[in-house]
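A.B. asks: This is the structure, below, for whatever I ask next.
Number of protein chains: 2
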Amino acid sequence: MAEAVSAEKILDTAAGMIERHSVEAFSMRGLAEELGVAVTSIYWHVGGRDKLFDSLVDRLLSEMAHLPVEGETTVECIASLARSQRRALIERQHLLAIAHERDCTPMLFLPIQQTLAGLLAELGVTGTEAALVLRAVQVQVISSAVMQFSAVRGAKHEEEDPSLWDDDWPDQELVQALQSPTDYDALFEYGLSALLATLPG
Amino acid sequence: MAEAVSAEKILDTAAGMIERHSVEAFSMRGLAEELGVAVTSIYWHVGGRDKLFDSLVDRLLSEMAHLPVEGETTVECIASLARSQRRALIERQHLLAIAHERDCTPMLFLPIQQTLAGLLAELGVTGTEAALVLRAVQVQVISSAVMQFSAVRGAKHEEEDPSLWDDDWPDQELVQALQSPTDYDALFEYGLSALLATLPG
DNA sequence: ACCTGAACACCGTTCAAGT
DNA sequence: ACCTGAACACCGTTCAAGT
């Protein structure tokens with residue numbers, strides 16, 4: 001007389017497991033066990049592994065439909081939107097990783113495409129050029145999140161070996177900066193403001 | 202009396218298989234079969250799956266040690282180096298994907314870090330700022346390659362559904378541009394020049 | 001030093017059978 | 001409509017045994 005299993009609950013549990021132990025550790029059989037149910041009943045509710053992951057990505061997409069935007073100027077609004085999107089993606093790193101490994105990252109462009117298009121239009125940026133800028137911002141946001149996730153996870157077994165740098169390399173401040181861990185937030189801001197600087201106004 | 206198996210040959214064959222059929226399709230047993238050898242002998246020569254992938258990533262790193270650089274000005278040299286690195290990564294997309302999924306992408310910074318540092322020094326950019334710019338360029342290059350690979354593979358089952366855009370959206374040129382496939386080369390150049398525009402000189 | 005087969009503990013998925 | 005167990009065809013890895 002266990003609680004009923006629904007597609008909803010299955011997806012929730014799967015997302016939770018993945019968030020706790022990462023995608024590689026996830027298995028259908030493990031999920032079934034966590035749910036207290038036979039593996040095969042998962043297939044009835046949500047289909048196989050692929051379908052399950054597709055559904056998780058769909059969820060991620062719809063969760064990103066309404067992101068907060070604020071700012072005095074139009075450019076600040078664009079920056080704010082980009083930051084919101086990035087934060088949302090990082091909060092759901094594991095789902096983002098799934099989307100990436102399933103080659104769905106371009107879909108992540110969609111939820112905020114229209115808002116971004118509207119803001120660019122306010123600046124007088126339209127047509128093919130607007131498409132280029134829009135996609136450049138999207139790639140900046142998404143790839144920043146994708147890379148940061150991968151890098152942070154890899155940071156554990158990463159010991160920057162200083163043997164590559166001569167001891168008499170002239171710029172020791174640089175060497176030291178490169179040996180401390182990368183600040184991906186700062187990198188993102190740097191790249192973003194470089195992009196926004198190309199805009200009029 | 203089959204040909205001798207060596208660690209070299211195993212790695213070559215593995216890389217070839219992965220390049221032809223992608224990582225997901227790769228298996229130890231399949232590799233053994235292709236080599237005409239028992240699975241277990243692979244373990245003697247190169248170790249398990251993880252070790253094998255590590256070795257492949259190491260190869261990728263050493264292959265990227267000497268990239269062509271040319272340009273009249275220092276800024277052009279930086280751009281040329283970035284393009285070389287990107288091209289090299291895209292030519293080895295599958296190895297790049299492995300490096301990414303193993304969280305080794307930051308290691309890809311290393312091969313050209315020193316050259317880049319030297320070029321930045323020529324521009325008078327040093328210390329912490331140089332580290333920031335250097336990493337920004339690296340992230341731009343690597344993430345561009347990572348995203349492009351994922352996007353191109355996903356493009357097959359991607360039909361841009363136009364239902365999201367109203368038929369009376371004012372900027373139809375933009376809508377049409379967004380419905381044609383993304384030009385990742387152009388996006389890369391756009392982002393790169395935005396980054397380089399922040400440099401002095 | 002090199003290669004083997006058997007065996008273990010896992011997978012995802014299908015399908016006929018139950019209620 | 002929902003859940004099950006058995007079975008299939010795969011995995012990666014270990015290990016004792018061969019030459």
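Read top to bottom, the protein sequences are chains D and R.
Taken in order, the first sequence gives residues 1 to 201; the numbers are from our numbering.
Taken in order, the second sequence gives residues 202 to 402; the numbers are from our numbering.
Idealized CB from N, CA, C, for every residue including glycine.
Since the model is a prediction, treat every value here as computed from it, not as a measurement.
Drop a sphere of 10 angstroms on the beta-carbon of TRP366 of chain R, count the other beta-carbons inside from all chains shown, and report buried for 16 or more, exposed for fewer.
C.D. replies: The residue in question, TRP366 of chain R, is buried, as its Cβ has 16 or more Cβ neighbours within 10 Å.
A.B. asks: Chain D partners of GLU374 of chain R, CB-CB under 9 Å?
C.D. replies: THR126, GLY127, THR128, ALA130, ALA131, listed in chain order.
A.B. asks: If you drop the 5 nearest sequence neighbours on each side, which residues of the same chain put their C-beta closer than 7 Å to that of GLU19 of chain D?
C.D. replies: Excluding positions up to five away in sequence, the list reads HIS94.
A.B. asks: Output needed for LEU31 of chain D: all residues of its chain with C-beta closer than 6 Å, excluding positions within five of it in sequence on either side, in chain order.
C.D. replies: Once the five neighbours on either side are set aside, the close Cβ partners of LEU31 of chain D are ALA14.
A.B. asks: List, in order along the chain, the chain D residues whose C-beta lies closer than 9 Å to that of GLN265 of chain R?
C.D. replies: According to the sequence shown, residue 265 of chain R is Met rather than Gln. Correct list: empty, because the minimum Cβ distance to chain D is about 14 Å.
A.B. asks: Give me the Cβ distance between PRO269 of chain R and SER285 of chain R, rounded to the nearest whole Å; I'm assuming they're in contact under 8 Å.
C.D. replies: Their Cβ separation, rounded to whole angstroms, is 5 Å, which keeps PRO269 of chain R and SER285 of chain R in contact under 8 Å.
A.B. asks: Check VAL37 of chain D in the structure and name its three-state DSSP category.
C.D. replies: Coil at VAL37 of chain D, not helix or strand.
A.B. asks: LEU192 of chain D to ILE10 of chain D, Cα distance in whole Å?
C.D. replies: In a straight line, the C-alpha of LEU192 of chain D is about 38 Å away from that of ILE10 of chain D.
A.B. asks: Taking only beta-carbon atoms, is THR399 of chain R less than 9 Å away from chain D?
C.D. replies: Judged by the 9 Å Cβ criterion, THR399 of chain R is in contact with chain D.
A.B. asks: 9 Å is my cut-off, CB to CB: does THR241 of chain R come that close to chain D?
C.D. replies: No, THR241 of chain R lies away from the interface with chain D (no Cβ there is under 9 Å from its Cβ).
A.B. asks: Listing by chain order, which chain R residues have their CB less than 9 Å from the CB of ALA121 of chain D?
C.D. replies: Those within 9 Å of ALA121 of chain D in chain R are PRO371, ASP372, LEU375.
A.B. asks: Quick check for students: name the residue ranges of the alpha helix (DSSP H) that lie wholly in the region 328-399 of chain R, counting only runs of 4 or more.
C.D. replies: With a minimum length of 4 residues, the continuous alpha helix (DSSP H) runs that stay inside the region 328-399 of chain R are 328-355, 373-380, 385-397.
A.B. asks: Any C-beta of chain D sitting closer than 9 Å to the C-beta of ARG250 of chain R?
C.D. replies: ARG250 of chain R does not count as touching chain D.
A.B. asks: Give a yes or no on contact between the region 168-188 of chain D and the region 313-332 of chain R, applying the rule of three or more CB pairs nearer than 8 Å.
C.D. replies: Yes, the region 168-188 of chain D is in contact with the region 313-332 of chain R.
A.B. asks: The alpha helix (DSSP H) spanning ARG59 of chain D covers which residue range?
C.D. replies: Element bounds for ARG59 of chain D: 49-63.
A.B. asks: Where does the unbroken alpha helix (DSSP H) through LEU119 of chain D begin, and where does it stop?
C.D. replies: Taken as a continuous stretch (DSSP letters only), the alpha helix (DSSP H) holding LEU119 of chain D covers 110-122.
A.B. asks: How is the alpha helix (DSSP H) around HIS222 of chain R delimited, first residue to last?
C.D. replies: Counting along the chain, the alpha helix (DSSP H) containing HIS222 of chain R begins and ends at 208-222.
A.B. asks: Count the other C-beta atoms from every protein chain shown that fall within 10 angstroms of the C-beta of ASP369 of chain R, then say buried if there are 16 or more, exposed otherwise.
C.D. replies: So ASP369 of chain R counts as exposed.
A.B. asks: Hey, PHE350 of chain R and ALA298 of chain R are a contact pair by Cβ (cut 8 Å); roughly how many whole angstroms apart?
C.D. replies: Right, the Cβ-Cβ distance comes to about 6 Å (below 8 Å), so this counts as a contact.
A.B. asks: For MET202 of chain R, which of helix, strand or coil comes out of DSSP?
C.D. replies: Here the model assigns MET202 of chain R a pLDDT of 41, short of 50, so the residue's position is not dependable and the matter cannot be decided.
A.B. asks: Within this structure, are the beta carbons of SER143 of chain D and SER345 of chain R separated by less than 9 Å?
C.D. replies: The answer is yes: Cβ separation under 9 Å.
A.B. asks: At the 9 Å Cβ level, is TRP366 of chain R part of the contact set with chain D, yes or no?
C.D. replies: By this cut-off, TRP366 of chain R is an interface position.
A.B. asks: Should ALA117 of chain D go down as buried or exposed, given a rule of 16 or more other Cβ atoms within 10 Å for buried?
C.D. replies: Label assigned to ALA117 of chain D: buried.
A.B. asks: With C-beta atoms as the reference, is TYR391 of chain R less than 9 Å away from THR198 of chain D?
C.D. replies: Yes, these two residues count as a Cβ contact at 9 Å.
A.B. asks: Name the two residues that bound the continuous alpha helix (DSSP H) containing VAL276 of chain R.
C.D. replies: First-last of the alpha helix (DSSP H) with VAL276 of chain R: 275-292.
A.B. asks: Could you work out which residues of chain R lie near GLN93 of chain D, taking near to mean beta carbons separated by less than 8 Å?
C.D. replies: Those within 8 Å of GLN93 of chain D in chain R number zero; the least Cβ separation is about 12 Å.
A.B. asks: With DSSP as the reference, label VAL326 of chain R as helix, strand or coil.
C.D. replies: Reduced to three states, the DSSP call for VAL326 of chain R is coil.
A.B. asks: What number of angstroms, rounded off, separates the C-alpha of ILE78 of chain D from the C-alpha of ILE112 of chain D?
C.D. replies: One C-alpha to the other measures close to 11 Å.
A.B. asks: Rounded to whole angstroms, how far is the Cβ of LEU236 of chain R from the Cβ of VAL206 of chain R, which I believe are closer than 8 Å?
C.D. replies: About 6 Å separates the two Cβ atoms, so the contact holds.
A.B. asks: What do you reckon, are the CB atoms on GLU63 of chain D and ARG92 of chain D nearer than 9 Å?
C.D. replies: It is a contact, given that the beta carbons lie within the stated cut-off.
A.B. asks: If the cut is a Cβ gap below 9 Å, which residues of chain D does GLN341 of chain R touch?
C.D. replies: Ordered by position in chain D, the residues that pass the 9 Å Cβ test against GLN341 of chain R are GLN140, SER143, GLY191.
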